[in-house]
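Residue numbers (our numbering): 6 to 118.
Note that CB positions come from ideal geometry on N, CA and C, so glycine has one too.
All of these numbers come straight from a predicted model, not from anything done at the bench.
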Amino acid sequence: MHEYSIVQSLLEQCEQYVEENDASKVTKLIVKIGVLSGVEPDLLQTAFDTFKEKTVCDGAEFIINRQKVVIDCLDCNQTSTLEKNEFLCPSCNSNNLKVVDGEDMFLMSLELE
Numbered sequence: 006m007h008e009y010s011i012v013q014s015l016l017e018q019c020e021q022y023v024e025e026n027d028a029s030k031v032t033k034l035i036v037k038i039g040v041l042s043g044v045e046p047d048l049l050q051t052a053f054d055t056f057k058e059k060t061v062c063d064g065a066e067f068i069i070n071r072q073k074v075v076i077d078c079l080d081c082n083q084t085s086t087l088e089k090n091e092f093l094c095p096s097c098n099s100n101n102l103k104v105v106d107g108e109d110m111f112l113m114s115l116e117l118e
């Protein structure tokens, strides 16, 4: 369950941002998780709720936004969001694709107090 190590890293980042900005705590975090990232949102939420106690994130709201897979078709040059787990261009049915979003996890926003 690598969600625990992800949360540990996230909490360390939050501690750093709080210190750098002379704040006392984090009140809200927003993360974006790509559907191909391998991160399970429910497990991440559980891990965050477990480990945030007695940190600068204690009491913070944790919002997870899911990012669908966005592809560039290298044959017809269309950019598309895949609605299904089918790696075919919706415009021309080519499988000559490049994934441009939906593979990563990002810390998008922090609100500090």
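Simplified DSSP state of residue i, which is helix, strand or coil
{"i": "D27", "result": "coil"}
{"i": "D83", "result": "According to the sequence as given, residue 83 is Gln; it is not Asp. The answer is coil: DSSP assigns Q83 none of H, G, I, E or B."}
{"i": "S114", "result": "strand"}
{"i": "V12", "result": "helix"}
{"i": "F67", "result": "strand"}
{"i": "C19", "result": "helix"}
{"i": "D49", "result": "For the record, residue 49 in the displayed sequence is Leu; it is not Asp. It is helical."}
{"i": "T60", "result": "coil"}
{"i": "D119", "result": "A query on residue 119 cannot be resolved here, the shown segment of the chain reaching from 6 to 118 and no further."}
Inter-residue spacing [alpha-carbon to alpha-carbon] between residue i and residue j
{"i": "S14", "j": "V104", "result": "26 Å"}
{"i": "V44", "j": "E8", "result": "7 Å"}
{"i": "E116", "j": "E20", "result": "12 Å"}
Neighbour flag for residue i against chain D, beta carbons, 8 Å
{"i": "N100", "result": "The displayed structure is made up of one protein chain only, and chain D is not part of it."}
Residue i burial status per 10 Å Cβ neighbour count (16 or more: buried)
{"i": "F92", "result": "exposed"}
{"i": "L16", "result": "buried"}
{"i": "C97", "result": "exposed"}
Residues near residue i in its chain [Cβ-Cβ closer than 6 Å; skip 5 each side]
{"i": "K37", "result": "N70, Q72, F111, M113"}
{"i": "K123", "result": "Past the edges of the chain, shown from 6 to 118, lies residue 123, and the structure says nothing about it."}
{"i": "T84", "result": "D77"}
{"i": "S99", "result": "C78, D80"}
Option nearest residue i by Cα separation, candidates the options
{"i": "E108", "options": "V75, G64, L115", "result": "V75"}
{"i": "L87", "options": "C19, Q18, L41", "result": "L41"}
{"i": "T32", "options": "S85, D80, F67, E24", "result": "F67"}
{"i": "C81", "options": "P46, N101, K89", "result": "N101"}
{"i": "N90", "options": "G39, L34, D27, N26", "result": "G39"}
Proximal residues to residue i (C-beta, below 8 Å), its chain only, five neighbours per side dropped
{"i": "I11", "result": "V44, L49, A52, M110"}
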